[in-house]
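> Residue numbers (the numbering used here): 1 to 700. Mind having a look at this structure? Questions to follow.
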């Protein structure tokens, strides 16, 4: 048991034991006071006293004292589990009205070992006095509207058939409406969407449950050591047939999917051989293409190992069967089984990327790991005029939109002006680019937003100039099926040169000398980051939107750094000592106020930086990364769906002891997420009030 858990638990047990022995009065409880629907027990003063009643009854009785009435009859127990490490019981109650689930309507609560209520998150929707109005369309029509909104072609292939669930939801005005939750999970690009369609057929919202990330490639043998032989963990390897290119067990099924059909490639086409002794000992040769039979075997066995390693580490930290983890069989220990990770090595659906789609408990998630194009250009701009800047400007083509060819795509290169803020970032509507190549500065918004704005203004292609390093460039990632023009990133220095001259014109071409491909399956940071998305989606809930989406990215980095032990993420794959983020998390220079760029990877950096600082406090005070991992996983029991930075902070305060409270406040406050900080989200606009204040008494 981590030390941080035992201290708080003992303090509560000491109080309740005294009352049970008749030595003193019952422990003092507190008057319920909620902040944003969250009721928190103070140290030594639970929300309710000890009770032998069922957990659901304790929670509903408490909610009745807060003014909940008709809502209590709408609750349905979804989970009720005891944490063996802390002795606490975690309960989730979902809301159902007129027999349908209310999306976003739920209660999460935690009780102590003696039945005392410690924490409640109330996200219930007020129950209407009458019945919901019946929707005017049927399931098939709702599905058709969702497909049309997402741009899913009639002949599209799906990982599994789309589903339609009758639901209720709250609209922008706070009114409860009938509708449909449509799930579509496309085979191409692993795109998993939950679309809410209202009762008349209008799409109300779309939630993407696939998290994808772009990384720069590595250029040499792994910098942190060569291959080594390790023993498999308990229950890793299944009893079925195994090959060098397809390895299955209870936690993960890792296999080649080079043809992108979301199923293991046929052994006859990949050169796979049978493995009957459980020894997967292929040796890497990174001097040749990763598509050789031997390197493919390395990719699969490495991906299988890394998935099992993170599964076991998170299981020990509390992400177990009842918490919704990923296992084929849950051995009767709670939760829904049949959801081992499908981990696809060298997936043929893309390059220079990775993603993780997380469906509900009981449905298997999908991790897709791609090949990378390697260091060096795969496309370039050949400038013909003016003579002062004539020459070749190397870069990387994006992973979305059109592609470059050996025939030059020629036009005038024009620096964009969107008329707002940094006018050259292309984040707002553009004009006057018909037949031209748009030159855009990196920063502020997603790459897909910039390129789509250029396309709408008539551009035939787009060049994005990097804003860090000097000559660095990488393949821009993102997904938007409406983008048809090709786009390229060039380095900061080349971007400045192109901006410095008037009348620049040239042609964009595909590079013929393609660098040796490399394999993302052997980078633990990438695999752990992607798995982190599955952890937060399962334990917290919704992780989309400008703040929650950013936290999801920072959470992925947090899992990678806690398991791998360093403050730089993806330097092995990225080929840079700075890794894939703008800065190392050691000495991270930015604060909360800067986390409103609208680019979730950038805006999530601060979360991982806070957790790195907190890890330092743990280590200095004799605790370990495993202790922090356990506290972090436990904190997710106290965090509402679609969380803010403040929710993440407050959830962790519930999971640690009184000594840890000080460390948590210090780490968050140093980054500007101290007492009184707040982020307000209106659509895509984020307004942040930062605070560097540690509450009085937090560090006594």
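Even glycine gets a Cβ: it sits at the ideal position worked out from N, Cα and C. Please read these numbers as outputs of a predicted model, since none were measured by experiment.
1) Contact defined as beta carbons within less than 8 angstroms: I believe residue 270 pairs with residue 245. What is the distance between those atoms, to the nearest angstrom?
2) Please tell me whether residue 307 and residue 251 are closer than 8 angstroms, where the distance is taken between their beta carbons.
3) If you check the beta carbons only, do residue 182 and residue 170 fall under 8 angstroms apart?
4) Could you pull out every unbroken beta strand (DSSP E) segment of at least 3 residues lying fully inside the stretch 229 to 295, listed in chain order?
5) So what does residue 182 bridge to, in DSSP terms?
6) Let me know the secondary structure DSSP gives residue 86 once reduced to three states.
7) Anyone know if the C-beta pair for residue 431 and residue 457 falls short of 8 angstroms?
8) Whose C-beta lies closer than 8 angstroms to the C-beta of residue 386 among residues of the same chain, with five residues either side of it excluded?
9) Hey, out of 479, 361, 243 and 290, whose CA is closest to residue 325's CA?
10) When you compare the stretch 149 to 156 with the stretch 109 to 126, are there three or more beta-carbon pairs, one atom per stretch, that lie closer than 8 angstroms?
11) Pull up the CB-CB distance for residue 690 and residue 585, whole angstroms please, since I reckon it's below 8 angstroms.
12) Cutting at 6 angstroms between CB atoms, please list the residues of its own chain near residue 601, excluding the five before and the five after it.
13) What first and last residue would you give for the beta strand (DSSP E) that runs through residue 350?
14) Take residue 370 as the anchor and find which of 434, 299 and 106 has the nearest alpha-carbon.
15) When burial is assigned at 16 or more other CB atoms within 10 Å of the CB, is residue 455 buried or exposed?
16) Ignore the nearest five residues each way along the sequence and tell me which others in residue 471's own chain have a CB closer than 7 angstroms to its CB.
17) What residue ranges within the stretch 522 to 582 form continuous alpha helix (DSSP H) runs of no fewer than 4 residues, ordered along the chain?
18) Quick one: is residue 514 buried, meaning 16 or more other Cβ sit within 10 Å of its Cβ, or exposed?
19) Quick one: grab the DSSP three-state call for residue 207.
20) Per DSSP, which one or two residues make a beta bridge with residue 436?
21) Since residue 528 contacts residue 550 with CB under 8 angstroms, what's their CB separation in whole angstroms?
22) In chain order, what residues of the same chain have a beta carbon less than 6 angstroms from the beta carbon of residue 532, not counting five sequence neighbours either side?
23) In whole angstroms, what is the alpha-carbon distance linking residue 436 and residue 512?
24) Measure the beta-carbon distance from residue 447 to residue 478 and round it to whole angstroms, keeping in mind my assumption that it falls under 8 angstroms.
25) So, with DSSP's three-state summary, where would you put residue 147?
26) Please return the same chain residues whose Cβ sits closer than 7 angstroms to the Cβ of residue 112, not counting the five positions on each side in sequence.
27) Output needed for residue 461: all residues of its chain with C-beta closer than 6 angstroms, excluding positions within five of it in sequence on either side, in chain order.
28) Looking only at its chain, what residues have a beta carbon closer than 8 angstroms to the beta carbon of residue 56, apart from the 5 residues adjacent to it on each side?
29) Does residue 656 pass the burial test, meaning 16 or more other C-beta atoms within 10 Å, or should it be called exposed?
30) Report the three-state DSSP secondary structure of residue 202 (helix, strand or coil).
31) Can you tell me where the alpha helix (DSSP H) holding residue 652 begins and where it ends?
For this structure:
1) Taking the chain shown and counting its residues from 1, one reaches residue 270 at position 270. Taking the chain shown and counting its residues from 1, one reaches residue 245 at position 245. Yes, residue 270 and residue 245 are in contact; Cβ-Cβ is about 5 angstroms, under 8 angstroms.
2) Position 307 of the chain shown, counted from the start, is the residue given in the question as residue 307. Position 251 of the chain shown, counted from the start, is the residue given in the question as residue 251. Result yes, Cβ atoms of residue 307 and residue 251 sit closer than 8 angstroms.
3) For the purposes of this step, residue 182 is taken as residue 182 along the chain shown, with counting starting at 1. For the purposes of this step, residue 170 is taken as residue 170 along the chain shown, with counting starting at 1. Against a cut-off of 8 angstroms, the Cβ pair of residue 170 and residue 182 comes out as no contact.
4) 246 to 248 and 252 to 256
5) On the chain shown, position 182 is the one that residue 182 refers to. DSSP, once it has assigned bridges, lists 164 and 195 as partnering residue 182.
6) As a first step, residue 86 must be located in the chain shown, where it is residue number 86. Here residue 86 sits in coil by DSSP.
7) Here residue 431 refers to the residue found at position 431 when the chain shown is read from its first residue. Here residue 457 refers to the residue found at position 457 when the chain shown is read from its first residue. It is a contact, given that the beta carbons lie within the stated cut-off.
8) Stepping through the chain shown from its first residue, residue 386 is reached at position 386. So the list reads 501, 502, 503 and 504, once near-sequence residues are dropped.
9) Translated into positions along the chain shown, residue 325 becomes position 325. Among 479, 361, 243 and 290, the Cα nearest to that of residue 325 belongs to 361.
10) no
11) Here residue 690 refers to the residue found at position 690 when the chain shown is read from its first residue. Here residue 585 refers to the residue found at position 585 when the chain shown is read from its first residue. With a Cβ gap of about 18 angstroms, residue 690 and residue 585 do not count as contacting.
12) Within the chain shown, the letter at position 601 stands for residue 601. Once the five neighbours on either side are set aside, the close Cβ partners of residue 601 are 553.
13) The residue labelled residue 350 in the question sits at position 350 within the chain shown. Membership of residue 350 in the beta strand (DSSP E) is indicated by the continuous run 341 to 351.
14) If you number the chain shown from 1, residue 370 lands on position 370. If we check each option's Cα against that of residue 370, 299 comes out closest.
15) Your numbering for residue 455 matches position 455 in the chain shown. Buried is the call here.
16) Walking along the chain shown from the start, residue 471 turns up at place 471. Within the same chain, residue 471 has close Cβ partners 491 and 493.
17) 524 to 539, 548 to 564 and 571 to 574
18) The residue labelled residue 514 in the question sits at position 514 within the chain shown. Residue 514 comes out exposed.
19) Stepping through the chain shown from its first residue, residue 207 is reached at position 207. Strand at residue 207.
20) As a first step, residue 436 is located in the chain shown; it is residue number 436 there, counting from the start. Paired residues: none, contrary to the question.
21) By 1-based counting over the chain shown, the position of residue 528 is 528. By 1-based counting over the chain shown, the position of residue 550 is 550. About 18 angstroms separates the Cβ atoms of residue 528 and residue 550, ruling out a contact at the 8 angstroms cut-off.
22) Within the chain shown, numbered from 1, the residue matching residue 532 stands at position 532. Answer for residue 532: 555, 556 and 559, listed in chain order.
23) As a working note, residue 436 is residue 436 in the chain shown. As a working note, residue 512 is residue 512 in the chain shown. Approximately 24 angstroms, taken between the alpha carbons.
24) The sequence position of residue 447 within the chain shown is 447, counting from 1. The sequence position of residue 478 within the chain shown is 478, counting from 1. Yes, they are in contact, since the Cβ atoms of residue 447 and residue 478 sit about 5 angstroms apart, within 8 angstroms.
25) Within the chain shown, residue 147 is the residue found at index 147, counting from 1. The answer is helix: DSSP assigns residue 147 an H, G or I state.
26) Looking up residue 112 in the chain shown gives position 112. Closer than 7 angstroms at the Cβ level, and outside the excluded window around residue 112, lie 12, 46, 88 and 118.
27) For the purposes of this step, residue 461 is identified with residue 461 of the chain shown, where counting begins at 1. These residues qualify, in order along the chain: 409, 437, 485, 486 and 508.
28) Walking along the chain shown from the start, residue 56 turns up at place 56. Around residue 56: 75, 77, 80, 91 and 93.
29) In the chain shown, counting from the first residue as 1, residue 656 sits at position 656. The residue in question, residue 656, is buried, as its Cβ has 16 or more Cβ neighbours within 10 Å.
30) Residue numbering aside, residue 202 sits at position 202 when the chain shown is read from its first letter. Of the three classes helix, strand and coil, the one that applies to residue 202 here is coil, per DSSP.
31) Counting from 1 along the chain shown, the entry for residue 652 is found at position 652. Unbroken alpha helix (DSSP H) run through residue 652: 645 to 655.
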